[in-house]
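Below: the structure, in structure tokens.
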Amino acid sequence: MMRILLFLATNLAVIIVASITLRLLGVAPYLTEQGINFNALLIFCFIFGMAGSMVSLFISKWMAKRSTGTQVIEQPRNATEKWLLETVAELSRDAGIKMPEVGIFPAQQSNAFATGWNKDAALVAVSAGLLNRMRPEEIRAVLAHEIGHVANGDMVTLALIQGVLNTFVMFFARVVAHLVDSFLRSRSDDGAGLGFMGYFAVVIVAEIVFGLIASAIVAWFSRFREYRADAAGAKLAGSGAMINALARLKAETQMPDQMPETLTAFAITTGQTRKIMERLFASHPPLDDRIRALKESAYRQ
Numbered sequence: 041m042m043r044i045l046l047f048l049a050t051n052l053a054v055i056i057v058a059s060i061t062l063r064l065l066g067v068a069p070y071l072t073e074q075g076i077n078f079n080a081l082l083i084f085c086f087i088f089g090m091a092g093s094m095v096s097l098f099i100s101k102w103m104a105k106r107s108t109g110t111q112v113i114e115q116p117r118n119a120t121e122k123w124l125l126e127t128v129a130e131l132s133r134d135a136g137i138k139m140p141e142v143g144i145f146p147a148q149q150s151n152a153f154a155t156g157w158n159k160d161a162a163l164v165a166v167s168a169g170l171l172n173r174m175r176p177e178e179i180r181a182v183l184a185h186e187i188g189h190v191a192n193g194d195m196v197t198l199a200l201i202q203g204v205l206n207t208f209v210m211f212f213a214r215v216v217a218h219l220v221d222s223f224l225r226s227r228s229d230d231g232a233g234l235g236f237m238g239y240f241a242v243v244i245v246a247e248i249v250f251g252l253i254a255s256a257i258v259a260w261f262s263r264f265r266e267y268r269a270d271a272a273g274a275k276l277a278g279s280g281a282m283i284n285a286l287a288r289l290k291a292e293t294q295m296p297d298q299m300p301e302t303l304t305a306f307a308i309t310t311g312q313t314r315k316i317m318e319r320l321f322a323s324h325p326p327l328d329d330r331i332r333a334l335k336e337s338a339y340r341q
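Number 341 marks the last residue of the sequence shown (the working numbering); no jumps.
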């Protein structure tokens, strides 16, 4: 099942709002009155496209806490919470980043995520199910994986990629609408084109089509960063522990996914994806592929 990433959900909303705003403010008619002004259009699309991505990035930690019910550990109340804080502190130190916030969210499925607007203001959270089901060395490997995401700057990189893609989705959608409008005007005896609603409808349809292409690109990068985070987890916690943790997660793939759809990109696992279209838009590679990559890397070393 294809998931809607946090960035994609927020950015899609911003793009639609931007489209309506451009029409209501008279900006779009101004750009197309005497023919499309490509430079001005690109600037407007860049501003709105990057705005959506940056908003997603800056509210990501707040959204993650709210959507998962994550409780940040301010002061450890038991031995498990104390161990979590100490382990994350150790891994963060080894990875060369500041200590992130550490939290636990109430899900029975074993899962974890990392988010935040930069590597020194991050959040790492694990599910209650993960703490109950995994051995300490496996939990440590999962935490190392999430610390790897933070240390690699994956959240910022994803936001920048999404912002650039947003820009081009908005830009080319309006170019397509302009071309369709110009074509209809040239074929019409009275010079009538798409009209207000027709132009807007073509823009929305084109944004959906280009947005699907952009989603596939974002999903590809998301899968790539999972391999990098696995490698970081293996480096920080050991290849054996990282492989065992992924194998443990694989055993739970038949369980319903309890992560909010807006946080799929940040979770360590979303189960096994086999269908071609699902794999194209999946935020994570199949666990078998991730385990195989770790084993091959360990063998080469």
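The beta carbon of each residue, even a glycine, is placed where N, CA and C say it ideally should be.
Could you give the C-beta distance for residue i and residue j, rounded to a whole number, given that I count them as a contact under 8 Å?
i      : j      : result
Arg180 : Ala277 : 5 Å
Ala152 : Glu186 : 5 Å
Ala256 : Phe211 : With 8 Å as the limit, Ala256 and Phe211 do not qualify as a contact, their Cβ atoms being about 18 Å apart.
Asp270 : Ala333 : 7 Å
Can you give me the Cβ contacts of residue i inside the same chain, cut-off strictly under 8 Å, excluding the 5 residues immediately before and after it?
i      : result
Ala168 : Ile144, Phe145, Pro146, Ala147 and Gln148
Glu178 : Ala281, Asn284, Ala285 and Arg288
Val128 : Met139, Pro140, Val142, Val164, Leu183 and Ile187
Phe98  : Trp157
Leu200 : Ser93
Out of the options, which has the shortest C-alpha to C-alpha gap to residue i?
i      : options                           : result
Thr289 : Phe98, Val243 and Ile331          : The amino acid at residue 289 is misidentified as Thr; the sequence shows Leu. For the residues Phe98, Val243 and Ile331, the minimum Cα distance to Leu289 belongs to Ile331.
Lys138 : Asn151, Ala119 and Val164         : Val164
Gly203 : Met103, Val95 and Glu126          : Val95
Asn158 : Asp194, Asn118, Ala291 and Val182 : Asp194
Val258 : Ser93, Ile83, Ala80 and Phe223    : Ser93
Thr207 : Ala241, Val190, Ala254 and His189 : Ala254
Arg319 : Trp260, Val196, Glu292 and Tyr339 : Trp260
Lys275 : Ala91, Ser132, Glu126 and Phe88   : Ser132
Met174 : Glu292, Ser337, Lys335 and Ser222 : Glu292
Ala272 : Ser337, Ala232 and Leu224         : Ser337
Suppose the cutoff is 7 Å on Cβ atoms and the five residues either side in sequence are ignored; what does the same chain contact list for residue i look like?
i      : result
Asp160 : Ile137 and Lys138
Val220 : Leu234 and Val242
Compare the beta carbon distance of residue i and residue j with 8 Å and say whether it is the shorter of the two.
i      : j      : result
Leu198 : Ser279 : no
Ala119 : Pro140 : no
Gln150 : Leu124 : Sequence check: residue 150 is Ser here, not Gln. Cβ distance not < 8 Å, so Ser150 and Leu124 don't count as in contact.
Val242 : Leu252 : no
Val209 : Phe250 : yes
Thr155 : Ala91  : no
Ile113 : Glu121 : yes
By Cβ distance, which residues of its chain are closer than 6 Å to residue i, with the 5 residues on each side in sequence left out?
i      : result
Asn192 : Arg268
Val215 : none
Take the Cβ of residue i as the centre, count every other Cβ of all protein chains shown within 10 Å, and call the residue buried at 16 or more, exposed below.
i      : result
Met237 : exposed
His324 : buried
Leu45  : At Leu45 the pLDDT is 48, less than 50, meaning the model places this residue with poor confidence and gives no usable figure here.
Val166 : buried
Ser100 : buried
With a threshold of 7 Å (Cβ to nearest heavy atom), would residue i be considered close to the ligand ADP?
i      : result
Glu177 : As for the ligand ADP, it is missing from this structure, which has no ligand bound.
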